[in-house]
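Numbering (UniProt numbering), first residue to last: 1 to 336.
No residue lacks a Cβ here, since even glycine has one placed at the ideal position from N, Cα and C.
What follows is a set of notes on a single structure, which appears directly below.
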Amino acid sequence: MVTFFVFYFFSKIMTERLLIKALSGGKNTKIITLNGKKMTKMPSALGKLPGLKTLVLQNNLIPKVCPELRTLTQLTTLNLGNNLLEEVPEEMKYLTSLKTLHLSGNRICRFAPGACDGLQNLILLNLNNNHLIQLPQEVSRLKSLTYMSINYNQLVSIPRELCFLKNLVELQLNYNQLICIPEEIKFLKKLQKFLLARNNIGVLPEFQDLKLREFYCEGNPLFLKQPVISTQRENVWSLQEITSRFVMNQLAENNPFLMDGIERYPQVRSMISQGKTCAICGQHFITVWLECVRFVSPPKDWKISKNLQLVPLRVLICSYKCFTQRDPNLFGIAQV
């Protein structure tokens, strides 16, 4: 016990000396590193260092950030890994120059409202080893995000808004509880590294057109998923379904009359925006008649697990007629 207090007292003195030295530099101080100093709170004196570029407070005992953090508008790198934070704090939205944010090894289970608002320049976000169950829709505001790592959390889903981060190159979601991936993943045109190992994913949406270099999905029940059967029977469609199919297929052919008219009816636009495309005939529809699985070979230039020879992708079919015309690599069950 005596040894602990001596070490704590010594660490506190060293921390104070480092802060005094940093404060003496004033606006010229660019970097502060206070790793493993047993700090239980962020020093409020940081507010006197407006020119700070890098702040490293890793391996401490900090439960929340200080209000003065919001004054560090020139900060580009912030490392608060291995502390006691329970949320991504609201103060982050003031760090408009921030490019790298490390928050791994905390107790984070939520994002504070507005936390993502000002992080327009953020390139790297590390949230590994936390307690996140979900991500907020506001994650779509991280327009410059290129590298995102959320391994070892408790995510059960990811918002479709994440799939509109057009600059995302690397997405790591290993060791979570994900059961599915949004269809919109196909919009991540720059994605090169996609890690999904050790989740509960039963089937994947079509994304083989992505220019991936690395894809890992071992430890998922991908090959055990049973196709989901809809209650829609052959040729028994509601008037809304029939109309929607006609409108969507005409729009696909660039029908000028419908293209002009649809602009006047936002409710119709909203409805047909939920449309799907049949994997067999290529026609558009609203009601999912049947979900099936198609096994495809990963592109040869993907770096994948050695035992991954085929990738099961979810595909949708619009009718029993199309189901009977499916190819041998497409599997499903129809009740007739």
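So if DSSP puts residue i in a beta bridge, which residue, or which two residues, is it bridged to?
| i | result |
| --- | --- |
| MET39 | MET39 pairs with nothing; no bridge assigned. |
| PRO312 | PHE295 |
| VAL88 | PHE111 |
| LYS193 | GLU170 and GLU214 |
| PHE285 | LYS276 |
| SER149 | ASN126 and GLN172 |
| LEU78 | LEU55 and LEU101 |
| PHE331 | VAL293 |
| LYS303 | GLU214 |
Run through DSSP, which three-state label would residue i get?
| i | result |
| --- | --- |
| ILE242 | helix |
| PHE295 | strand |
| GLN137 | helix |
| SER319 | coil |
| LEU46 | helix |
| TYR97 | Note on residue identity: the sequence assigns Ser, not Tyr, to residue 97. Coil. |
| LEU52 | coil |
| PHE187 | helix |
| ILE262 | helix |
| LEU34 | coil |
| SER11 | Residue placement at SER11 cannot be trusted, given a pLDDT of 47 that sits under 50; what the coordinates show is reported in the next sentence. Three-state result, SER11: helix. |
| LEU204 | strand |
| LEU290 | strand |
| ASN249 | helix |
| GLN120 | coil |
| SER144 | coil |
| CYS180 | coil |
| ARG326 | coil |
| residue 341 | Past the boundaries of the shown model lies residue 341; the chain is included only from 1 to 336, so the question cannot be answered. |
| THR71 | helix |
| PRO256 | helix |
| CYS66 | coil |
| LEU61 | coil |
| ASN28 | helix |
| ARG160 | helix |
| LEU132 | coil |
Report yes if the C-beta distance between residue i and residue j is below 8 Å; otherwise report no.
| i | j | result |
| --- | --- | --- |
| PHE111 | GLU86 | no |
| residue 337 | ASN28 | This structure leaves residue 337 out entirely; the chain is present only between 1 and 336. |
| LYS99 | THR71 | no |
| TRP302 | PHE164 | no |
| ASN130 | SER149 | no |
| LYS38 | LYS53 | no |
| LEU69 | GLU90 | no |
| LEU62 | LYS93 | The question names Leu, but residue 62 is Ile in the sequence shown. Not closer than 8 Å, so no. |
| ILE108 | LEU132 | yes |
| GLN192 | LEU212 | yes |
| GLU206 | LYS186 | yes |
| LEU251 | ILE242 | no |
Short of 7 Å in beta carbon distance, which residues of its chain neighbour residue i, apart from the five on each side in sequence? Order them along the chain.
| i | result |
| --- | --- |
| ARG160 | PRO182 and GLU184 |
| LEU316 | LYS276, CYS278, ALA279, VAL288 and GLU291 |
| THR3 | Per-residue confidence for THR3 stands at a pLDDT of 43, beneath the threshold of 50, marking its modelled position as unreliable; the derived number appears in the next sentence. Same-chain partners within the cutoff: there are none. |
| GLN325 | ILE280 |
| LEU145 | LEU122, ILE123, LEU125, LEU165, ASN167 and LEU168 |
Which same chain residues end up closer than 6 Å to residue i when comparing Cβ atoms and leaving out the 5 residues on each side of it in sequence?
| i | result |
| --- | --- |
| LEU196 | LEU173 and CYS217 |
| THR33 | VAL56 |
| LEU171 | MET148 and PHE194 |
| GLU138 | CYS116 |
| LEU210 | LEU191 |
| GLY114 | GLU90 and LYS93 |
| SER140 | GLU161 and PHE164 |
Enumerate in chain order the residues of its own chain whose CB-to-CB distance from residue i is below 8 Å, with the five nearest sequence positions on each side excluded.
| i | result |
| --- | --- |
| GLN208 | VAL296, PRO298, PRO299, VAL311 and LEU313 |
| ILE179 | VAL156, SER157, ASN199, ASN200, ILE201 and GLY202 |
| PRO50 | LYS27, THR71, LEU72, THR73 and GLN74 |
| PRO221 | ASN200, ILE201 and GLY202 |
I believe residue i touches residue j by the beta-carbon criterion, under 8 Å. Please report the beta-carbon distance rounded to the nearest angstrom.
| i | j | result |
| --- | --- | --- |
| LEU162 | LEU135 | 6 Å |
| LEU101 | LEU125 | 5 Å |
| LEU103 | LEU80 | 6 Å |
| LEU46 | CYS66 | 7 Å |
Counting contacts by CB-CB distance shorter than 8 Å, is residue i in contact with chain B?
| i | result |
| --- | --- |
| SER319 | Note that chain B does not occur in the displayed structure, where there is just one protein chain. |
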